[in-house]
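K.L.:
In case it helps, our numbering puts the sequence shown at residues 96 to 301.
Note that CB positions come from ideal geometry on N, CA and C, so glycine has one too.
Predicted model only: the values in this text are computed from it and were never measured.
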Amino acid sequence: MMKNEIVTAIENRVSTNLFDRRKSLDGEEIQELIRLATRAPTAYNLQNWRFIAVSTPEAKTRLLAAAHGQAKVADAAVTYIICGRFPSHEALGERLNPAVEAGIMPAAVAQSWADAVKQTYAGDPQMQRDEAIRTATLAGAFLMFAAAAHGLATGPMVGFDPAAVAREFDLAADEIPVMLMAVGHSAEGNWPQKPRLPVSRVLETV
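(1) Hey, would you say I125 sits closer than 7 Å to V168, going by beta carbons?
(2) Bridge partners of V273, per DSSP?
(3) Taking the alpha-carbon positions, what's the S150 to S110 distance?
(4) First and last residue of the alpha helix (DSSP H) that includes I199?
(5) Please say whether V260 and A161 have beta carbons closer to each other than 7 Å?
(6) Output the distance between the C-alpha atoms of A267 and R229, rounded to the nearest integer angstrom.
(7) Out of L141, D225, A277, V273, state which residue places its alpha-carbon closest to the alpha-carbon of A241.
(8) On the three-pair Cβ rule with 8 Å, is the segment 179-199 touching the segment 210-222?
(9) Following a CB-centred definition, is I147 positioned closer than 6 Å to any heavy atom of the ligand ATP?
(10) Closer than 6 Å by C-beta to D115: which residues in its own chain qualify, once you throw out the five before and the five after it? Chain order, please.
(11) Going by other Cβ atoms of all chains shown within 10 Å of its Cβ, with 16 needed for buried, is S295 buried or exposed?
(12) Would you give the residue range spanned by the beta strand (DSSP E) that G179 belongs to?
(13) Quick one: residues in its chain with C-beta nearer than 6 Å to the C-beta of L131, no 5 flanking neighbours on either side, listed in chain order?
(14) I need the straight-line Cα distance from L159 to E263, nearest angstrom please.
Structure, rendered in structure tokens:
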């Protein structure tokens with residue numbers, strides 16, 4: 096297969112721990128990364144995610160405490176709290192109306208999707224939680240490569256207190272803080288990508 100910039104970004108990706116705290120991102124850059132992250136797929140186009148960009152010293156201090164003192168929260172230009180939201184058939188109409196108005200999707204199909212979401216997720220907390228986590232995880236992956244396209248480093252984190260994050264940043268009852276993503280300019284001293292298991296160990300072709 097021919098290599099391109101996407102393949103190169105995948106092969107060179109590292110989880111960055113050391114950031115250059117002298118370099119910041121402006122508001123437009125912070126928004127652009129999320130614009131690209133929201134190109135990730137979601138079931139039924141639910142777009143059941145929300146992002147909190149933690150970039151001010153005061154907000155970083157609050158997040159640092161909830162993230163067990165991980166220095167990257169303070170040193171990175173911004174750390175995104177990536178939240179998954181429980182699927183809602185009631186919110187789906189707003190998500191799908193632009194596609195209906197643009198002639199991409201018939202209104203009857205949009206309604207059938209809303210009915211399917213209600214049937215699939217309503218009354219099933221485990222299904223709701225699973226979908227919220229899937230959605231946020233896909234957004235996190237897209238965010239990593241959006242950052243790479245802008246010459247930025249990323250450090251995904253699951254080492255945090257979800258209850259403290261929810262409390263400090265006023266998450267709604269239907270939101271889960273799935274991961275934190277530190278984004279900024281890499282400093283010297285980060286490890287290269289660690290070796291992966293061979294494909295033969297993890298792939299079964301049937």
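P.N.:
So, to answer that:
(1) The residue labelled residue 125 in the question sits at position 30 within the sequence shown. The residue labelled residue 168 in the question sits at position 73 within the sequence shown. Between I125 and V168, the CB-CB gap reaches or exceeds 7 Å.
(2) Position 178 of the sequence shown, counted from the first residue, corresponds to residue 273. Answer is none; V273 lacks a bridge partner.
(3) By one-based count along the sequence shown, residue 150 stands at place 55. By one-based count along the sequence shown, residue 110 stands at place 15. Taking the straight line from one Cα to the other gives about 19 Å.
(4) The count along the sequence shown starts at 1 and reaches residue 199 at position 104. First-last for I199: undefined, no H or E at that position.
(5) For this step, residue 161 is matched to residue 66 along the sequence shown. For this step, residue 260 is matched to residue 165 along the sequence shown. With a cutoff of 7 Å on beta-carbon distance, A161 and V260 are scored as near each other.
(6) Within the sequence shown, residue 267 is the residue found at index 172, counting from 1. Within the sequence shown, residue 229 is the residue found at index 134, counting from 1. About 18 Å.
(7) Locating residue 241 in the sequence shown gives position 146, counting from the first residue. The residue with the shortest Cα to Cα distance from A241 is A277.
(8) Taking 8 Å as the limit for Cβ pairs, the verdict is that the segment 210-222 does touch the segment 179-199.
(9) As presented, the structure is devoid of all ligands, the ligand ATP included, so that no description of it is given.
(10) Counted from its first residue, the sequence shown places residue 115 at position 20. Taking C-beta separations shorter than 6 Å and ignoring five residues to either side along the sequence, the partners of D115 in its chain run H280, A282, following chain order.
(11) To locate residue 295, count along the sequence shown from 1; it is residue 200. Exposed is the call here.
(12) Within the sequence shown, residue 179 is the residue found at index 84, counting from 1. Start and end: 173-180.
(13) Locating residue 131 in the sequence shown gives position 36, counting from the first residue. Annotation for L131: A241 place their beta carbon closer than 6 Å to its own, counting only its chain and skipping 5 residues before and after.
(14) Position 64 of the sequence shown, counted from the start, is the residue given in the question as residue 159. Position 168 of the sequence shown, counted from the start, is the residue given in the question as residue 263. Straight-line Cα distance between these residues: approximately 11 Å.
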